[in-house]
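To start, the structure under review is shown below, and the notes come after it.
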Amino acid sequence: QFVPPYTEDCRRGTYPPSGPTFKGIVPWYKINLDLAPRVRWNQLINDKKVELTSLIQVIKNLANDFFPSGKLIEIVDKSLAPLVDTLPSPFNEELKGIADVSGVPLGEVMLFNIFYEVFTV
Amino acid sequence: CTSLVAEDNAGRLYHARNLDFGLFLGWDVKNESWKIPEYLRPLTVNLNFQRNNKTVFKSTNFAGYVGMLTGMRPGTFTLTMNERFSIDGGYIGIIEWILGKRDGIWMSFLTRSVLENATSYAQAKDQLAKTKMLAPAYYILGGNQSGEGCVITRSRTAALDIWELDIKHGIWYVLETNYDRWKDPLFLDNRRIPAMKCMNQTTQANISVETIYDVLSTKPVLNKLTTYTTLMEISEGTFESYLRDCPNPCMPW
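Residue numbers (the numbering used here), protein chains in the order written: chain Y, 1 to 121; chain F, 1001 to 1253.
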């Protein structure tokens, strides 16, 4: 159907995934729960530091489109970071570890982690 | 999002999902796509959480995100979470949290806690239904025995509905998008009917990882917000994830 909602006949034979709707396989990582929470994400975050920083930057750009003064991100950086300490273990320490390794401010790591809650409205 | 649990004629349980996220968060005019899914795809990873060198659970996740939206405790249960929009949404829970009322749990943290600690389908279901949360959600849970599959519709404080597989009465799959099952979906965002139509056409006799991927590849079940598709089958321990794209013409949500 070439008008919205672009409904189509049920697809057949798309597996194994290939073609234009397939963008790639998802890589595997091991997370060792025996390690301290602060360091267990280190390898993954080291590998994905650039991608994580890019996503956070896009979110900041969107926020700055709505609040050009930059105040919103200032509030996120200042107000959300202390909230990390109110999270239960091991989440609080894990977020700190992610911020340490990625270089992304802790408040912005926290924002990324509560995205789903925020957008349920 | 679209999540489903289905049982084939042999009693094998399949659980799959499309993760859709990023609506209204910036449109990339050049690529004709939403910005957030574009940036989430390179962050998508499969995680094998281990203790004593043994797998505790597996999940598809975003690097930097410590909660869980999709996961499997091998041999025990499978779990996905879909967003549930509500006026009494997560922002109220967040405000309460900031103000010091902290008796609820963040919903993706609950998913992770259940994957990490629950040792049976029944225990997982109980925790997902009864734990107080900061935001409403749909939890889609599959077990390892015939008939073990359900959609738990959650408000912040209670389970509003638990919709279960009922093979004897012909309910061989349960399927959830982002709307309460007793209400019609928004007419602009009806992925439920196309997905159910494809499941019904497939039939219980032919349901498999392959045919479920077909269902989740059919527009508008697949749409511009779809970041990844995950396919799980509990008895064999199958856990596969694929990054997705929806070239034009394609629904923006």
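Each residue gets a CB set at the ideal place from its N, CA and C atoms; glycine is no exception.
Closer than 8 angstroms at the beta carbon, the chain F residues around residue i
i         : result
Y:Lys-125 : With chain Y covering 1 to 121 only, the question about residue 125 of chain Y has no answer from this structure.
Y:Ile-98  : Gly-1064 and Val-1066
Y:Ser-102 : Gly-1064
Y:Glu-94  : Val-1066
Residue-level contact to chain F via CB, residue i, 8 angstroms cutoff
i         : result
Y:Lys-23  : yes
Y:Pro-4   : yes
Y:Pro-27  : yes
Y:Pro-105 : no
Contact set for residue i: own chain, Cβ-Cβ below 7 angstroms, skip 5 residues either direction
i          : result
F:Trp-1163 : Cys-1150, Val-1151, Val-1174 and Arg-1181
Y:Glu-80   : The sequence shown places Leu at residue 80 of chain Y, rather than the Glu named in the question. Gly-107, Met-110 and Leu-111.
Y:Val-39   : Gly-97
Y:Lys-60   : Ile-73
Test item: CB-CB of residue i and residue j under 8 angstroms
i          : j          : result
F:Met-1081 : F:Tyr-1039 : no
Y:Cys-10   : F:Cys-1250 : no
Y:Val-58   : Y:Glu-108  : no
Y:Glu-117  : F:Gly-1093 : yes
F:Gly-1064 : Y:Leu-52   : yes
F:Ser-1076 : F:Ser-1033 : Residue identity differs from the one stated: residue 1076 of chain F is Thr in this sequence, not Ser. The answer is no: Cβ separation not under 8 angstroms.
F:Val-1066 : Y:Asn-113  : yes
F:Thr-1218 : F:Thr-1211 : no
F:Ala-1135 : F:Arg-1156 : yes
Y:Lys-49   : Y:Ser-102  : yes
Own chain residues within Cβ distance below 6 angstroms of residue i, not counting five before or after
i          : result
F:Asn-1046 : Thr-1060 and Ser-1241
F:Thr-1177 : Thr-1002, Arg-1191 and Arg-1192
F:Asn-1253 : The sequence shown places Trp at residue 1253 of chain F, rather than the Asn named in the question. Only Leu-1023, Asp-1189, Asn-1223 and Leu-1225 meet the Cβ criterion.
Partners in chain Y for residue i, counting only beta-carbon separations shorter than 7 angstroms
i          : result
F:Ser-1218 : The question names Ser, but residue 1218 of chain F in the sequence shown is Thr. Neighbours of F:Thr-1218 on chain Y, chain order: Glu-8, Cys-10 and Arg-11.
F:Pro-1194 : Thr-7
C-beta neighbour in chain Y for residue i, strict 8 angstroms
i          : result
F:Asn-1018 : no
F:Trp-1172 : no
F:Thr-1070 : no
F:Met-1251 : yes
F:Ile-1036 : yes
F:Glu-1210 : yes
F:Cys-1198 : yes
F:Asp-1126 : no
F:Gln-1201 : yes
F:Thr-1119 : no
Partners in chain Y for residue i, counting only beta-carbon separations shorter than 8 angstroms
i         : result
F:Ile-979 : Nothing about residue 979 of chain F can be read from this structure; chain F reaches only from 1001 to 1253.
Chain-ordered chain F contacts of residue i [CB-CB under 7 angstroms]
i         : result
Y:Asn-32  : Gln-1050
Y:Val-109 : Gly-1064
Own chain residues within Cβ distance below 8 angstroms of residue i, not counting five before or after
i          : result
F:Leu-1243 : Arg-1041, Thr-1044, Thr-1227 and Tyr-1228
F:Gly-1147 : Glu-1007, Glu-1164, Leu-1165, Asp-1166 and Ile-1167
F:Asp-1028 : Trp-1034, Lys-1035 and Glu-1038
Proximal chain Y residues relative to residue i, where beta-carbon distance stays under 9 angstroms
i          : result
F:Glu-1176 : The contacting residues do not exist; F:Glu-1176 stays about 15 angstroms from chain Y at best.
F:Tyr-1014 : Per Cβ cutoff of 9 angstroms: no residues; F:Tyr-1014 is ~13 angstroms from chain Y at best.
F:Asp-1214 : Cys-10, Arg-11, Arg-12, Gly-13, Thr-14 and Tyr-15
Chain-ordered residues of the stretch 1128 to 1159 of chain F with a beta carbon less than 7 angstroms from chain Y: Leu-1134, Ala-1135 and Pro-1136
What residues from the stretch 47 to 68 of chain Y come within 7 angstroms of chain F, judged by C-beta to C-beta, listed N to C? Lys-48, Glu-51, Leu-52, Ser-54, Leu-55, Val-58 and Leu-62
Residues in the stretch 1098 to 1114 of chain F having any Cβ partner in chain Y nearer than 9 angstroms: Ile-1098, Gly-1100, Arg-1102, Ile-1105, Trp-1106, Met-1107, Ser-1108, Phe-1109, Arg-1112 and Ser-1113
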